[in-house]
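There are 2 protein chains.
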Amino acid sequence: MARDTREQLLDTAETLFAERGFYGVSIAAIADELGLTKQALLHHFGTKEKLYGEVLKRISDRFDALEDNRDQAPEEVFAAYLRNLNTWSHAQPQQTALLMRELLDNRQRAGSAGTWYLKPFLDRLADKVLALEKWQDATRPQGLAMAYQLLGAINYFSVSGPTLTGIFGSSFYGDLESAHENQLALLIEAAIGSGPPG
Amino acid sequence: MARDTREQLLDTAETLFAERGFYGVSIAAIADELGLTKQALLHHFGTKEKLYGEVLKRISDRFDALEDNRDQAPEEVFAAYLRNLNTWSHAQPQQTALLMRELLDNRQRAGSAGTWYLKPFLDRLADKVLALEKWQDATRPQGLAMAYQLLGAINYFSVSGPTLTGIFGSSFYGDLESAHENQLALLIEAAIGSGPPG
DNA sequence: CCCTTAACTTACCGTATGGTAGGTCGTCAA
DNA sequence: TTGACGACCTACCATACGGTAAGTTAAGGG
Numbered sequence: 068m069a070r071d072t073r074e075q076l077l078d079t080a081e082t083l084f085a086e087r088g089f090y091g092v093s094i095a096a097i098a099d100e101l102g103l104t105k106q107a108l109l110h111h112f113g114t115k116e117k118l119y120g121e122v123l124k125r126i127s128d129r130f131d132a133l134e135d136n137r138d139q140a141p142e143e144v145f146a147a148y149l150r151n152l153n154t155w156s157h158a159q160p161q162q163t164a165l166l167m168r169e170l171l172d173n174r175q176r177a178g179s180a181g182t183w184y185l186k187p188f189l190d191r192l193a194d195k196v197l198a199l200e201k202w203q204d205a206t207r208p209q210g211l212a213m214a215y216q217l218l219g220a221i222n223y224f225s226v227s228g229p230t231l232t233g234i235f236g237s238s239f240y241g242d243l244e245s246a247h248e249n250q251l252a253l254l255i256e257a258a259i260g261s262g263p264p265g
Numbered sequence: 068m069a070r071d072t073r074e075q076l077l078d079t080a081e082t083l084f085a086e087r088g089f090y091g092v093s094i095a096a097i098a099d100e101l102g103l104t105k106q107a108l109l110h111h112f113g114t115k116e117k118l119y120g121e122v123l124k125r126i127s128d129r130f131d132a133l134e135d136n137r138d139q140a141p142e143e144v145f146a147a148y149l150r151n152l153n154t155w156s157h158a159q160p161q162q163t164a165l166l167m168r169e170l171l172d173n174r175q176r177a178g179s180a181g182t183w184y185l186k187p188f189l190d191r192l193a194d195k196v197l198a199l200e201k202w203q204d205a206t207r208p209q210g211l212a213m214a215y216q217l218l219g220a221i222n223y224f225s226v227s228g229p230t231l232t233g234i235f236g237s238s239f240y241g242d243l244e245s246a247h248e249n250q251l252a253l254l255i256e257a258a259i260g261s262g263p264p265g
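Each protein sequence line maps, in turn, to chains A and B. Residues 68 to 265 (this note's numbering) are what the first sequence spells out, left to right. Residues 68 to 265 (this note's numbering) are what the second sequence spells out, left to right.
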């Protein structure tokens with residue numbers, strides 16, 4: 068039962084941190100969700116910060132697992148990766164939300180926990196762009212800027228899900244979601260096909 | 068001096084709320100920044116929630132003022148608006164950060180303070196898209212999805228500023244920023260010129 | 001049977017928080 | 001001169017927080 072409890076605590080913490088942010092959730096609230104006291108939680112994780120760190124680490128591990136590098140044309144690798152990312156961020160919107168909170172906080176909390184996972188990810192992303200045929204002569208900032216815009220299009224929409232549903236209703240949101248996916252494919256195609264500006 | 072203090076408190080609150088979020092800032096910390104006690108702040112605003120509400124209202128007022136509707140071709144109106152938005156969100160990144168936090172929290176705090184300003188904004192945005200020549204036959208979700216992607220590309224990058232600077236250094240970030248702007252112009256152009264998918 | 005260990009619990013503790021109550025002080029109109 | 005009012009302040013309070021200390025209980029190995 069130990070593994071179970073630990074894992075359940077991490078699940079609950081992930082959800083609550085994503086919804087309310089680090090300071091918006093008390094460890095008592097997390098433990099309470101499973102019918103435990105906060106001391107049970109502290110027994111497993113020591114401090115609130117460490118719990119948060121483990122939640123973050125778990126997400127970034129799953130994130131890395133997304134990279135699916137079958138040898139294909141760079142164009143297809145890049146496009147497929149972004150499609151994966153889009154699927155993933157809609158299937159697990161809390162994770163995206165939590166990472167976005169990290170992006171917002173960052174310089175605040177202990178050693179900017181979010182930075183270490185982000186840099187390698189962005190580096191690999193830039194590599195993927197510069198491998199594209201039309202982007203071979205682009206500078207690294209140009210490549211990263213392009214990828215980052217697609218990233219923004221994906222993540223921003225993902226994070227907006229609950230709010231948009233609240234505003235427009237779930238029927239309209241369903242249409243929005245599929246329109247978003249189609250439009251995203253177009254955007255990716257356009258970016259790949261056009262090469263850097265100028 | 069009253070007006071002054073009030074305004075200064077709002078400025079400080081805006082900055083701190085944007086940096087650390089609602090729960091991450093105490094009213095004492097805000098007042099302290101101006102050499103006041105928290106009771107001075109409470110004297111002006113009554114409660115923390117009300118202060119937060121006023122901060123939010125101020126931002127959304129500035130936001131509305133962005134709309135600059137000289138009669139031009141819909142294509143130019145739309146493109147210019149997004150360029151304005153981009154400029155604005157980089158000139159005042161805290162505002163963008165705060166609005167993004169609202170997007171993340173939303174369903175939590177009292178009556179989802181963020182929703183009321185967002186819907187009219189999105190409605191007007193969708194109108195601007197459907198006025199475009201190539202988008203006249205598009206559905207409303209299609210139009211909104213397109214605009215939302217550009218919105219995401221803009222805001223996500225804006226919010227990432229400090230983190231990206233921290234990761235890559237301010238020199239690289241400078242290049243990234245100008246590359247982002249050029250690439251954004253391309254994206255907007257592509258979206259306007261292509262029409263809805265399918 | 002005993003000892004250890006993991007997984008909890010209850011009982012605390014110091015600190016920080018949002019908010020209330022009641023005062024002080026300067027300004028300004030009658 | 002006085003009285004009211006706005007802009008603060010000090011003093012205080014109840015609550016909630018993260019964390020420590022010291023048990024209790026059940027399982028497993030020697």
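In this text, a Cβ means the ideal position worked out from N, Cα and C, and glycines have one as well.
For the alpha helix (DSSP H) containing residue i, name the first residue and the last one.
| i | result |
| --- | --- |
| residue 173 (chain A) | First-last for residue 173 (chain A): undefined, no H or E at that position. |
| residue 264 (chain A) | Taken as a continuous stretch (DSSP letters only), residue 264 (chain A) belongs to no alpha helix (DSSP H), as it is neither H nor E. |
| residue 158 (chain B) | 141-158 |
| residue 91 (chain A) | Counting along the chain, residue 91 (chain A) falls outside any alpha helix (DSSP H), and DSSP gives it neither H nor E. |
| residue 131 (chain B) | 115-132 |
| residue 201 (chain A) | First-last for residue 201 (chain A): undefined, no H or E at that position. |
| residue 220 (chain B) | 207-235 |
| residue 109 (chain B) | 105-112 |
Which whole-angstrom value is the C-beta distance of residue i and residue j, which I expect to be below 8 Å?
| i | j | result |
| --- | --- | --- |
| residue 226 (chain B) | residue 154 (chain B) | At roughly 15 Å, the Cβ-Cβ gap does not stay under 8 Å, so residue 226 (chain B) and residue 154 (chain B) are not in contact. |
| residue 84 (chain A) | residue 165 (chain A) | 6 Å |
| residue 250 (chain B) | residue 264 (chain A) | 6 Å |
| residue 231 (chain A) | residue 243 (chain A) | 6 Å |
| residue 94 (chain B) | residue 77 (chain B) | Going by Cβ atoms, the distance from residue 94 (chain B) to residue 77 (chain B) rounds to 13 Å, so no, they are not a contact pair. |
| residue 257 (chain A) | residue 257 (chain B) | 4 Å |
By alpha-carbon positions, which one of the options ends up nearest to residue i?
| i | options | result |
| --- | --- | --- |
| residue 144 (chain B) | B:119, B:248, B:211 and B:259 | B:259 |
| residue 245 (chain B) | A:196, A:110, A:93 and A:216 | A:216 |
| residue 118 (chain B) | B:206, B:79, B:171 and B:197 | B:79 |
| residue 170 (chain A) | B:124, B:233, B:101 and B:159 | B:233 |
| residue 185 (chain B) | B:211, B:114, B:204 and B:71 | B:211 |
| residue 157 (chain A) | A:221, A:239 and A:81 | A:221 |
| residue 113 (chain A) | A:82, A:139, A:73 and A:136 | A:73 |
| residue 198 (chain A) | A:100, A:139, A:82 and A:71 | A:139 |
| residue 183 (chain B) | B:123, B:248, B:238 and B:159 | B:123 |
| residue 146 (chain A) | A:109, A:239 and A:192 | A:192 |
| residue 159 (chain A) | A:137, A:133 and A:173 | A:133 |
| residue 168 (chain B) | B:137, B:90 and B:238 | B:90 |
In whole angstroms, what separates the C-alpha of residue i from that of residue j?
| i | j | result |
| --- | --- | --- |
| residue 148 (chain B) | residue 98 (chain A) | 47 Å |
| residue 120 (chain B) | residue 111 (chain A) | 38 Å |
| residue 178 (chain B) | residue 201 (chain A) | Low local confidence applies: a pLDDT of 46 at residue 178 (chain B) is under 50, so the model's placement there is unreliable, with the coordinate-based value given in what follows. If I take the Cα positions, the gap works out to 49 Å. |
| residue 218 (chain B) | residue 107 (chain A) | 43 Å |
| residue 262 (chain A) | residue 161 (chain A) | 33 Å |
| residue 255 (chain B) | residue 208 (chain A) | 19 Å |
| residue 151 (chain B) | residue 141 (chain A) | 34 Å |
| residue 236 (chain A) | residue 102 (chain B) | 46 Å |
| residue 188 (chain A) | residue 213 (chain A) | 15 Å |
| residue 116 (chain B) | residue 75 (chain A) | 33 Å |
| residue 126 (chain A) | residue 104 (chain A) | 25 Å |
| residue 88 (chain B) | residue 129 (chain A) | 27 Å |
| residue 195 (chain A) | residue 131 (chain A) | 15 Å |
| residue 100 (chain A) | residue 81 (chain A) | 12 Å |
| residue 68 (chain A) | residue 86 (chain A) | Legend: pLDDT at residue 68 (chain A) = 49, less than 50; position of this residue unreliable, no value from coordinates given. |
| residue 204 (chain B) | residue 238 (chain A) | 20 Å |
| residue 241 (chain A) | residue 135 (chain A) | 28 Å |
| residue 71 (chain B) | residue 172 (chain A) | 29 Å |
| residue 15 (chain B) | residue 247 (chain B) | Because chain B here runs from 68 to 265, residue 15 (chain B) falls outside it and cannot be looked at. |
| residue 92 (chain A) | residue 206 (chain A) | 43 Å |
| residue 137 (chain B) | residue 137 (chain A) | 51 Å |
Using a C-beta to C-beta distance shorter than 8 Å, which residues of chain B count as neighbours of residue i?
| i | result |
| --- | --- |
| residue 247 (chain A) | 212, 215 and 216 |
| residue 102 (chain A) | Those within 8 Å of residue 102 (chain A) in chain B number zero; the least Cβ separation is about 23 Å. |
Residues of chain B with CB under 9 Å from residue i, in chain order?
| i | result |
| --- | --- |
| residue 122 (chain A) | Within chain B, no residue comes near residue 122 (chain A); the closest Cβ sits about 16 Å away, beyond 9 Å. |
| residue 222 (chain A) | 219 and 223 |
Using a cut-off of 7 Å between C-beta atoms, extract the partners of residue i located in chain B.
| i | result |
| --- | --- |
| residue 243 (chain A) | 208, 211 and 212 |
| residue 251 (chain A) | 216 |
| residue 119 (chain A) | Per Cβ cutoff of 7 Å: no residues; residue 119 (chain A) is ~13 Å from chain B at best. |
| residue 226 (chain A) | 170 and 171 |
| residue 140 (chain A) | Here the premise fails: no neighbours, minimum Cβ distance about 22 Å. |
Starting from residue i, find everything on chain A with Cβ-Cβ shorter than 9 Å and list it in chain order.
| i | result |
| --- | --- |
| residue 234 (chain B) | 182, 185, 186 and 189 |
| residue 257 (chain B) | 253, 254, 257, 258 and 261 |
| residue 84 (chain B) | Within chain A, no residue comes near residue 84 (chain B); the closest Cβ sits about 11 Å away, beyond 9 Å. |
| residue 164 (chain B) | 171 |
Residues of chain A with a CB under 7 Å from the CB of residue i: which are they?
| i | result |
| --- | --- |
| residue 88 (chain B) | 88 and 90 |
| residue 239 (chain B) | 208 |
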